[in-house]
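A.B. asks: There's a structure below that I have some questions on.
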Amino acid sequence: MNKQWTKNTFIIMTAATLTINTVMVSKADGWTETENGWHYEENGRYTTSAWKKGQSGLYYLGDNGKLMTASWITDGDKTYYVNSEGLRVKNSWVYNKPWNDSTEKNQYWYYFDQNGEMMTGKQQIGDKKYFFSSTGEMMTGWITYSDNEAEYLTDEVSSDDTYYCLEDGSRASGWLKLESPDSEDSSEKEYWYNFKSSGMIRRNTKTSIGDHDFCFDEQGRMIDGWAYKTVDDTYIKVDENTDKALLDTYSNDVSRYYYCGEEDLGVLQKEIWLSIVPPGLNGDPDEDTSWYYFDKRGKIMTAAKATSSEATPSNASRMTEVRGVDTKGKYDLAGGDDDLIHARLEKINNIYYLFNSKGEIIDGLLYIYNKDGSFQLKEGYYYFGSKSSRSTGKVKLENDATEYDYYFSKKREKGYSEGQGVTGVYDGKLYYKGLAVTADEDTKYKLIYIPELVKTNNTGLYIVDEAGKVKTGGLTSEMYDGSKYRIKKLGSGYQIFHVDGDTKEETELHEDDADLTLDFMEPGLI
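With the working numbering, letter number 377 in the sequence shown gets 359, and the count goes up by one each step, no holes.
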């Protein structure tokens, strides 16, 4: 490896240089060479167990007075190393067997500072940081560091003071894909981890890195797929194995869920529509997906109840309750307790959508309640159809191979909210609460009475045909019994007469004569 090559090369170069130091020692006062090696003589005696200066630096005399070479030196609570020429090593790497275990055959890297002291703990060497054990060995891999002591980590990550050192010993920062520290063999799964510029692991957090946000669990593993923030402010990955985080069984507070992209991506998804399998459900991606929208904070757009700090009039105006229409072409609603849906209306890219408390889109033909008037849409029928967005204008809906015409207000006018089912004549057809009113196939025409439309100049009576077209004047065609209707324009409405098929006698019709009266404040439940 590069670092090892660099360090070995340095030692070779150092050894070559120190060949000259013997000469320097010999020229220094007090140094003498005998057949047993170099000694330092002082006051007629050899110095023992002490450091002495030579022209190139400090040298150590052993307890027999002989110059120590290529040896570990323990002096008080300090540890040093002298090279093959006996010179104390300074500002240098040494690759050697441990100083405290003569039986150890493995060699390790050690570093000695400007005073020649062996370094331990966390140290900066050049522009890099390293960790050394309490016995001076340079450390690689997973490490914890606290109280000025570095230790290897072989259990799960449980502390912020966790680091990773590369093969050359330098402390890592940024992204690394690694086996977890408690892995027992090299076949274990690898995970993405991120280390700050300080080298500390990012764990149990949602944080910005570069241009994106990421979630990390308690062990520092980047979370992909669904992430959940617990009430204890910890982050966990949600999958089929994390039962406690299943949406239906653990928490209905969808605001705690985030989606961090596909496997190995990990990027928190924001301001985006996604069709994905709900959290915790190991379903078929082609069959069990739901549409979700994630806002600029990465939170699911949901109808979850606001916190006290969020319970503003603006938020209240977006929350309401809705029911689905039980059968298209009819007014009755699905009336079960579970059919009443707490909903949120939200405008995304100038299009309105409804979301339920699980963050899923609510679509179809709906009745929106607004009893206290706080919701921004008036109470009535709405259709969220094309791509689940709110529909306006003419809409055809099918049920049992029969098509029904609906009309939803194109804009906010005439007392209607945009998208609300209208009552009245639009484009020649009569509608009541959005549904076109038609005659039966066996009658050709039907007399309709709508009290809501009664005014000074409007009787509220209408003749419609099988297509829902309003007859606006003159005689209708003959009905199956030979009779006809005559329609006379009256202000904004009509006077309607029945013409007998035999006598041709005309009788003015009133509300009590209507074939169908449409008048209800709130639809019934089925």
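Glycine is no exception: its CB is placed at the ideal position from the N, C-alpha and C atoms.
Which residues in the same chain have their Cβ closer than 7 Å to the Cβ of Asp206, if we skip the five residues on either side of it in sequence?
C.D. replies: Within the sequence shown, numbered from 1, the residue matching residue 206 stands at position 224. Within the same chain, Asp206 has close Cβ partners Cys242, Gly243, Glu244, Glu245, Asp246, Leu247, Gly248.
A.B. asks: Which whole-angstrom value is the C-beta distance of Val304 and Leu347, which I expect to be below 8 Å?
C.D. replies: By one-based count along the sequence shown, residue 304 stands at place 322. By one-based count along the sequence shown, residue 347 stands at place 365. About 11 Å; that fails the 8 Å criterion.
A.B. asks: When the Cα of Trp208 is compared with those of Met182, Lys178, Ile258, which residue comes out closest?
C.D. replies: Start at 1 with the first residue of the sequence shown, and residue 208 comes out as number 226. Ranking Met182, Lys178, Ile258 by Cα distance to Trp208 puts Ile258 first.
A.B. asks: Since I believe Lys411 is in contact with Gly450 (beta carbons under 8 Å), could you give me their beta-carbon distance rounded to a whole number of angstroms?
C.D. replies: Looking up residue 450 in the sequence shown gives position 468. Looking up residue 411 in the sequence shown gives position 429. Right, the Cβ-Cβ distance comes to about 4 Å (below 8 Å), so this counts as a contact.
A.B. asks: Check for me: the beta strand (DSSP E) holding Lys34 runs from which residue to which?
C.D. replies: The count along the sequence shown starts at 1 and reaches residue 34 at position 52. Note, Lys34: beta strand (DSSP E), 32 to 36.
A.B. asks: Return the bridge partner residues of Phe276 from the DSSP annotation.
C.D. replies: The count along the sequence shown starts at 1 and reaches residue 276 at position 294. According to DSSP, Phe276 bridges with Ile254, Ile282.
A.B. asks: May I ask you to report which of helix, strand or coil DSSP gives Val446?
C.D. replies: Sequence index remark: in the sequence shown, residue 446 carries index 464 (1-based). Correct three-state label for Val446: strand.
A.B. asks: Can you tell which of Thr438, Thr420, Glu460, Ser459 has its C-alpha closest to the C-alpha of Asp497?
C.D. replies: Counting from 1 along the sequence shown, the entry for residue 497 is found at position 515. Of Thr438, Thr420, Glu460, Ser459, the residue nearest in Cα terms is Thr420.
A.B. asks: Can you say whether Ile445 is buried or exposed, counting buried as having 16 or more other CB atoms within 10 angstroms of its CB?
C.D. replies: Residue mapping note: residue 445 aligns to position 463 of the sequence shown, counting from 1. Burial call: buried.
A.B. asks: Should Ile183 be labelled buried (16 or more other beta-carbon atoms within 10 Å of its own) or exposed?
C.D. replies: Position 201 of the sequence shown, counted from the start, is the residue given in the question as residue 183. The residue in question, Ile183, is buried, as its Cβ has 16 or more Cβ neighbours within 10 Å.
A.B. asks: Near Ser373, which residues of its chain fall below 6 Å by C-beta distance, leaving aside the five closest residues on each side in sequence?
C.D. replies: Residue 373 sits at position 391 when you count from the first residue of the sequence shown. Excluding positions up to five away in sequence, the list reads Tyr365, Gly367, Phe390.
A.B. asks: Run the CB neighbour count on Thr384, radius 10 Å, all protein chains shown included, and call it buried at 16 or more, exposed below.
C.D. replies: Residue mapping note: residue 384 aligns to position 402 of the sequence shown, counting from 1. Flag for Thr384 reads exposed.
A.B. asks: Is Gly406 near Lys392, with beta carbons less than 8 Å apart?
C.D. replies: Taking the sequence shown and counting its residues from 1, one reaches residue 406 at position 424. Taking the sequence shown and counting its residues from 1, one reaches residue 392 at position 410. Against a cut-off of 8 Å, the Cβ pair of Lys392 and Gly406 comes out as no contact.
A.B. asks: Mapping the DSSP letters down to three states, classify Lys394 as helix, strand or coil.
C.D. replies: Your numbering for residue 394 matches position 412 in the sequence shown. According to the sequence shown, residue 394 is Arg rather than Lys. DSSP places Arg394 in coil when its eight states are reduced to three.
A.B. asks: State the start and end residues of the unbroken beta strand (DSSP E) segment that holds His492.
C.D. replies: Against the sequence shown, residue 492 aligns to sequence position 510. Careful: His492 lies outside any beta strand (DSSP E) and carries neither H nor E.
A.B. asks: For Lys211, does the count of other Cβ atoms within 10 angstroms reach 16, so buried, or fall short, so exposed?
C.D. replies: The residue given as residue 211 occupies position 229 in the sequence shown. Result: buried.
A.B. asks: For Trp54, collect the residues of the same chain with a Cβ closer than 7 Å to its Cβ; drop the 5 residues on either side in sequence, then sort them by chain order.
C.D. replies: For the purposes of this step, residue 54 is identified with residue 72 of the sequence shown, where counting begins at 1. Sequence-distant partners of Trp54 (beyond 5 residues in either direction) whose C-beta falls short of 7 Å from its own C-beta, in its chain, are Thr61, Tyr63, Trp81.
A.B. asks: Among Leu160, Val220, Gly416, Glu487, which residue has its Cα nearest to the Cα of Leu379?
C.D. replies: Looking up residue 379 in the sequence shown gives position 397. Nearest option by C-alpha distance: Gly416.
A.B. asks: I want to know whether the region 99 to 107 touches the region 126 to 135 - three or more CB-CB distances under 8 Å.
C.D. replies: They touch, by the three-pair rule.
A.B. asks: For Asp314, collect the residues of the same chain with a Cβ closer than 8 Å to its Cβ; drop the 5 residues on either side in sequence, then sort them by chain order.
C.D. replies: Against the sequence shown, residue 314 aligns to sequence position 332. The residues are Val307, Asp308, Pro505, Gly506, Leu507, Ile508.
A.B. asks: Can you look up Asp195 in the DSSP assignment and give me helix, strand or coil?
C.D. replies: As a position in the sequence shown, residue 195 is number 213, starting the count at 1. If DSSP states are grouped into helix, strand and coil, Asp195 belongs with the strands.
A.B. asks: Check for me: the beta strand (DSSP E) holding Thr14 runs from which residue to which?
C.D. replies: Your numbering for residue 14 matches position 32 in the sequence shown. Element bounds for Thr14: 13 to 16.
A.B. asks: By how many angstroms is the C-alpha of Lys340 removed from the C-alpha of Ile282?
C.D. replies: Along the sequence shown, one-based indexing puts residue 282 at 300. Along the sequence shown, one-based indexing puts residue 340 at 358. Approximately 8 Å between the Cα atoms of the pair.
A.B. asks: List the DSSP bridge partners of Val304.
C.D. replies: Start at 1 with the first residue of the sequence shown, and residue 304 comes out as number 322. In DSSP, Val304 forms a bridge with Ile323, Ile350.
A.B. asks: Please say whether Tyr175 and Arg153 have beta carbons closer to each other than 8 Å?
C.D. replies: Taking the first residue of the sequence shown as 1, we reach residue 153 at position 171. Taking the first residue of the sequence shown as 1, we reach residue 175 at position 193. Result no, Cβ atoms of Arg153 and Tyr175 do not sit closer than 8 Å.
A.B. asks: Do the CB positions of Gly280 and Asp345 come within less than 8 Å of each other?
C.D. replies: Start at 1 with the first residue of the sequence shown, and residue 280 comes out as number 298. Start at 1 with the first residue of the sequence shown, and residue 345 comes out as number 363. Not a contact, by the Cβ cut-off of 8 Å.
A.B. asks: If we call anything under 8 Å between Cβ atoms a contact, is Gly19 one with Leu49?
C.D. replies: Indexing the sequence shown from 1 puts residue 19 at position 37. Indexing the sequence shown from 1 puts residue 49 at position 67. With respect to the 8 Å criterion, Gly19 and Leu49 are classified as neighbours on the basis of their beta carbons.
A.B. asks: Candidates Ile218, Phe502, Tyr335, Asp150: which alpha carbon is nearest Lys110's?
C.D. replies: The residue labelled residue 110 in the question sits at position 128 within the sequence shown. Answer by Cα proximity: Asp150.
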